[in-house]
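Residue numbers (this note's numbering): 2 to 155. What follows is one structure encoded as structure tokens, with my remarks underneath.
Dropping the structure here:
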């Protein structure tokens with residue numbers, strides 16, 4: 002049986018790697034802004050409670066990020082039925098943080114992963130580079146990073 006310490010260490014490692022990816026690509030913005038598809042956003046890409054006119058401190062933004070990443074980790078863990086490396090789990094967490102649990106749940110990426118086609122699943126990241134029908138260079142770079150993490154150990 003896996004010890005609680007090992008589970009906690011895996012969670013922490015995933016959180017650290019996913020946090021590095023998310024903070025790099027999202028950046029910190031303490032005042033509300035609109036993302037490329039017009040959604041109010043604040044801090045490191047937080048949308049759930051963002052409202053026009055909000056201002057957050059760096060500490061508040063870090064707490065939102067940690068909370069949002071925890072939600073994303075739990076979503077990945079609920080949807081993925083195969084063992085994951087820390088890197089692959091972090092790639093999926095970054096992806097869910099960006100597009101949402103529902104998009105992963107209905108994706109070919111998840112189907113391939115759960116069917117054991119890890120290489121095919123990792124290649125699917127390359128297709129998720131559009132927002133509002135527009136290909137975004139930032140998403141191209143982010144998906145390349147997520148794919149690289151996904152492919153660690155292949």
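Just so you know, even glycine gets a beta-carbon here, dropped at the ideal spot from N, CA and C.
Checklist line | Option nearest residue 65 by Cα separation, candidates 42, 87, 81 | finding: 42
Notebook entry, point to check: With DSSP run on the structure shown, which of helix, strand or coil describes residue 45?
Noted result: coil
Check: Which of the three DSSP states, helix, strand or coil, is assigned to residue 8?
Finding: helix
Notebook entry, point to check: Name the DSSP bridge partner or partners of residue 132?
Noted result: 135
Next item on the list: Count the C-beta pairs between the stretch 140-155 and the stretch 85-102 that are closer than 8 Å, then say yes if the count reaches three, no if not.
Entry: yes
Check: Alpha carbon to alpha carbon, how far is residue 53 from residue 117?
Finding: 43 Å
Check: For residue 32, which residues from the same chain have a beta carbon less than 6 Å from its beta carbon, with the 5 sequence-adjacent residues on both sides left out?
Finding: 56
Next item on the list: Report yes if the C-beta distance between residue 19 and residue 90 is below 9 Å; otherwise report no.
Entry: yes
Checklist line | Cα-Cα separation, residue 70 to residue 88 | finding: 14 Å
Margin query: Suppose you measure from the CA of residue 45 to the CA of residue 77; what does that come to, to the nearest Å?
Written below: 20 Å
Next item on the list: Leaving aside the five residues before and after residue 100 along the sequence, list all residues of the same chain whose C-beta is less than 8 Å from its C-beta, in chain order.
Entry: 129
Next item on the list: Given a cut-off of 9 Å, decide if residue 114 and residue 83 are closer than it, judged by their beta-carbon atoms.
Entry: yes
Check: Roughly how many whole angstroms lie between the Cα atoms of residue 26 and residue 138?
Finding: 11 Å
Item checked: DSSP state of residue 108 mapped onto helix, strand, coil -> coil
Checklist line | Nearest-angstrom Cα separation, counted from residue 152 out to residue 119 | finding: 8 Å
Checklist line | Beta-carbon proximity of residue 123 to residue 80, cut-off 9 Å | finding: no
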